[in-house]
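First comes the structure, then the notes that go with it.
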């Protein structure tokens, strides 16, 4: 039997444990996996594009454990009442290839994206950071806020979205949780005075959410909305203002903000910062930029974390995914009408 | 909610409906999909190899529907009491990317492989074929026998396996179902007088199960065990005796029997035979060879068939795989501790 966490159970678990507590735990698993980055089989994601959107499979593996995520991206979904992104994922035992754990990953991806942002900011943002600017108040925004509070103690937010209802939703969700929130009137006003800036907008185009003149010295810029070919958020000039950190260069050069830059544009792989083999922030004035696109290893860490965290609780069910005839060569015995029906 | 057929339910359904009836229905879906072969997005499979075996994702898509299969291949599994191959698969709606149907595919792959063999033999074997030689009496063997009886009316079997217990198992499973079965003492003896020959052995090596002198005029050879790089069953000389038919040439040239042949070795794509744009068997004396490796479209057909066949029955359950917040931008509302716990 494999274990399975469905949407209802993931939601119940997250509400019970608390998002900040989960993100804190998940950062530990992410750091563990980023530190052993070189031991992962980093297959490129497999995308199936149609006129409606994209469906992707994101596999990765160590010598012990295999994982993949199914995820779609359909920008036109919200106007039709659907989620832009839905996902589920799986872990398997590399030794015998048997699936061990399945989980919904729509909620889990929101948690892991925020946890990844916070893991990176823990290394790159100024230690005295107090204010987070959130540009884009969609699905990811509240998770970002909670992740930065959990990891860096930031509880002061400046927010901006072209949709006032999205900003009101964020205030409604986060003010009861103790955040100080300032609604601003533009992206320029939003980033003014912020120590950390998260851009997370959904427009599938080469947008210019921020221009170089708005980025002050010492800022850590967490750019997560530019995450597929043709979808960027930053004026290219911003990428020349500081050091750019990425997850996996071959993927980021196609999907990230740096798709706007030459092939040999210099970047630092974040796992090296964590390992101490590359420099992170080198001065309080430096501008650091995390060009985040989301990578399979992060989903792997998130799945591992949930699997371990729900062990010993009732936050999972068992599902019957692996046929087990008594004699491995006699699969037919299971479906023979003469066979007992229980397996 | 997505529908889910677990192992227990797949087995119950197969026993209730009967394997031959299922295979007959599945052949119809396979033929429908092979006829529209050109409308499929035929992504190559994504394999993760380790010293223990391989784990693969096999996606394919039309403009309406997306499907993929997770499948492992671990040759050393049976000696440790595990199945060599386990699998599960999924269908999704291309319009919004939402998963619609999940199923175990260990049993289902056995059914679809046999159904594919039978679909091809219906076109290529002599109409007066009466005897099937089965070389290799493992997991797939009983399904092969039932598929050939369902599609061609063949009920006389000659069998061979290096493991006597495997042959006894086949007799035990199939004799009660009305087959006439002759246990033979070698591959040479097994194919003697057979009209159709299925080779389905598990040895992961370049084996020579059959040599060219054993292949009589008029035989249809269904070669399914040679299905990954370095794993073949036939003496290369056999491939020069007749016409070779394949599923998807770019994959078969890497994985099939023709991996032994030059890059430009001539083959016929089976879907063209079905469409009438390529010749099938051209004379009673011709030797026809199906170099089968298994392709994602076949899994897609099998999943579609099961989904439709169990509709209106109790042979599925519903699972909660897609987060559906009332406001698509407000995923956080689901996990807020203040939110009602039911979703």
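Chains as they are written, first to last, in full-length UniProt numbering: chain D, 1 to 343; chain V, 1 to 343. Glycine is no exception: its CB is placed at the ideal position from the N, C-alpha and C atoms. This structure is a prediction, so every number in the text was calculated from the model and none was measured.
Query raised in the report: Using 8 Å as the limit for Cβ to Cβ distance, is residue 164 of chain V near chain D?
Result: It does not: the Cβ of residue 164 of chain V has no partner Cβ on chain D nearer than 8 Å.
Report task. Would you tell me roughly how many angstroms separate the C-alpha atoms of residue 112 of chain V and residue 72 of chain V, rounded to the nearest one? Result -> Rounded to the nearest angstrom, the two C-alpha atoms are 16 Å apart.
Query raised in the report: Considering residue 234 of chain D, what are the terminal residues of the alpha helix (DSSP H) in which it resides?
Result: Per DSSP, residue 234 of chain D lies in no alpha helix (DSSP H); the unbroken beta strand (DSSP E) holding it starts and ends at 232 to 234.
Query - chain V contacts from the segment 33 to 60 of chain D (Cβ-Cβ distance under 7 Å) - result: Per Cβ criterion, the list reads 41, 43, 46, 48, 50, 52, 53, 55, 57 and 59.
Query raised in the report: Under 8 Å between C-beta atoms, does residue 321 of chain V make it to chain D?
Result: By this cut-off, residue 321 of chain V is an interface position.
Query raised in the report: Mapping DSSP to helix, strand and coil, what is residue 26 of chain D?
Result: The answer is helix: DSSP assigns residue 26 of chain D an H, G or I state.
Report task. Run the CB neighbour count on residue 169 of chain D, radius 10 Å, all protein chains shown included, and call it buried at 16 or more, exposed below. Result -> Classified as buried, residue 169 of chain D has 16 or more neighbouring CB atoms from the shown chains inside 10 Å of its CB.
Query raised in the report: Given residue 145 of chain D, which residues of its chain have a CB within under 7 Å of its CB, disregarding the five upstream and five downstream residues?
Result: Same-chain partners within the cutoff: 132, 134, 157, 174 and 179.
Query raised in the report: Is residue 339 of chain V helix, strand or coil by DSSP?
Result: Because residue 339 of chain V carries a pLDDT of 49, less than 50, the predicted location of this residue cannot be relied on, and the following value inherits that uncertainty. The answer is coil: DSSP assigns residue 339 of chain V none of H, G, I, E or B.
Query raised in the report: Just checking my contact of residue 322 of chain D with residue 106 of chain V at CB under 8 Å: how many whole Å lie between their CB atoms?
Result: About 7 Å; that satisfies the 8 Å criterion.
**Report entry** Pairwise C-alpha distance: residue 291 of chain V and residue 291 of chain D
**Finding:** Whole-angstrom Cα-Cα distance: 47 Å.
Query - Distance between residue 212 of chain D and residue 237 of chain D (C-alpha atoms, nearest Å) - result: In a straight line, the C-alpha of residue 237 of chain D is about 6 Å away from that of residue 212 of chain D.
Report task. Give the straight-line distance between the Cα atoms of residue 24 of chain V and residue 200 of chain V, rounded to the nearest whole angstrom. Result -> Straight-line Cα distance between these residues: approximately 21 Å.
Query raised in the report: Do the CB positions of residue 256 of chain D and residue 297 of chain D come within less than 8 Å of each other?
Result: Result no, Cβ atoms of residue 256 of chain D and residue 297 of chain D do not sit closer than 8 Å.
Requested in this report: Answer with yes or no whether the minimum CB distance from residue 307 of chain V to chain D is below 8 Å.
Outcome: It does not: the Cβ of residue 307 of chain V has no partner Cβ on chain D nearer than 8 Å.
**Report entry** Residue-level contact to chain D via CB, residue 300 of chain V, 8 Å cutoff
**Finding:** Chain D contact via Cβ: absent.
Query - Presumed contact (8 Å Cβ cut-off) between residue 48 of chain D and residue 66 of chain V, rounded CB distance - result: Going by Cβ atoms, the distance from residue 48 of chain D to residue 66 of chain V rounds to 6 Å, so yes, they are a contact pair.
Query - Chain-ordered chain V contacts of residue 142 of chain D [CB-CB under 7 Å] - result: Simply 332.
Report task. Please report the residue range of the alpha helix (DSSP H) in which residue 254 of chain D lies. Result -> Segment 249 to 255, the alpha helix (DSSP H) holding residue 254 of chain D.
Query raised in the report: Would you report the Cα separation of residue 280 of chain V and residue 123 of chain V, rounded to the nearest angstrom?
Result: Rounded to the nearest whole angstrom, the C-alpha separation of residue 280 of chain V and residue 123 of chain V is 7 Å.
Requested in this report: Just grab the DSSP bridge partners of residue 182 of chain D for me.
Outcome: D:158, per the DSSP bridge assignment.
Query raised in the report: Per DSSP, what kind of secondary structure is residue 59 of chain D in: helix, strand or coil?
Result: Reduced to three states, the DSSP call for residue 59 of chain D is strand.
Query - Check whether residue 252 of chain V and residue 222 of chain V have beta carbons under 8 Å apart - result: No, these two residues do not count as a Cβ contact at 8 Å.
Query raised in the report: Are the C-beta of residue 68 of chain V and some C-beta of chain D separated by less than 8 Å?
Result: The beta carbon of residue 68 of chain V falls within 8 Å of a beta carbon belonging to chain D, placing the residue at that interface.
**Report entry** residue 146 of chain V, DSSP secondary structure in three states
**Finding:** Reduced to three states, the DSSP call for residue 146 of chain V is helix.
Query raised in the report: How far does the alpha helix (DSSP H) with residue 2 of chain D in it reach, from first residue to last?
Result: Unbroken run through residue 2 of chain D is the beta strand (DSSP E), 2 to 5; no alpha helix (DSSP H).
Report task. Please state whether DSSP places residue 228 of chain V in a helix, a strand or coil. Result -> Three-state result, residue 228 of chain V: strand.
Report task. Work out the CA separation of residue 205 of chain D and residue 225 of chain D for me, nearest whole Å. Result -> Our two residues, residue 225 of chain D and residue 205 of chain D, have alpha carbons roughly 10 Å apart in a direct line.
Query raised in the report: Name the chain V residues whose beta carbon is nearer than 7 Å to that of residue 173 of chain D?
Result: Neighbours of residue 173 of chain D in chain V, taken as residues whose beta carbon is under 7 Å from its own, are 332, 333 and 336 in chain order.
Report task. Using only the heavy atoms of the ligand SAM, determine whether one of them is closer than 7 Å to the beta carbon of residue 86 of chain D. Result -> Only the bare structure without any ligand can be found here, which leaves the ligand SAM out of the picture.
Query - Minimum Cβ-Cβ distance from residue 90 of chain V to chain D less than 8 Å - result: Interface residue, yes.
Query raised in the report: Going by other Cβ atoms of all chains shown within 10 Å of its Cβ, with 16 needed for buried, is residue 116 of chain D buried or exposed?
Result: The residue in question, residue 116 of chain D, is buried, as its Cβ has 16 or more Cβ neighbours within 10 Å.
Query raised in the report: What's the gap between the Cα of residue 32 of chain V and the Cα of residue 232 of chain V?
Result: Whole-angstrom Cα-Cα distance: 29 Å.
Report task. Check whether the Cβ atoms of residue 306 of chain D and residue 270 of chain D sit closer than 8 Å, and answer yes or no. Result -> Not in contact: residue 306 of chain D and residue 270 of chain D (Cβ atoms no closer than 8 Å).
Query raised in the report: Per DSSP, residue 67 of chain D is paired with what?
Result: Residue 67 of chain D is bridged to D:60 and D:91.
Query raised in the report: By Cβ distance, which residues of its chain are closer than 7 Å to residue 161 of chain D, with the 5 residues on each side in sequence left out?
Result: Excluding sequence neighbours, residue 161 of chain D sits near 136, 137 and 167.
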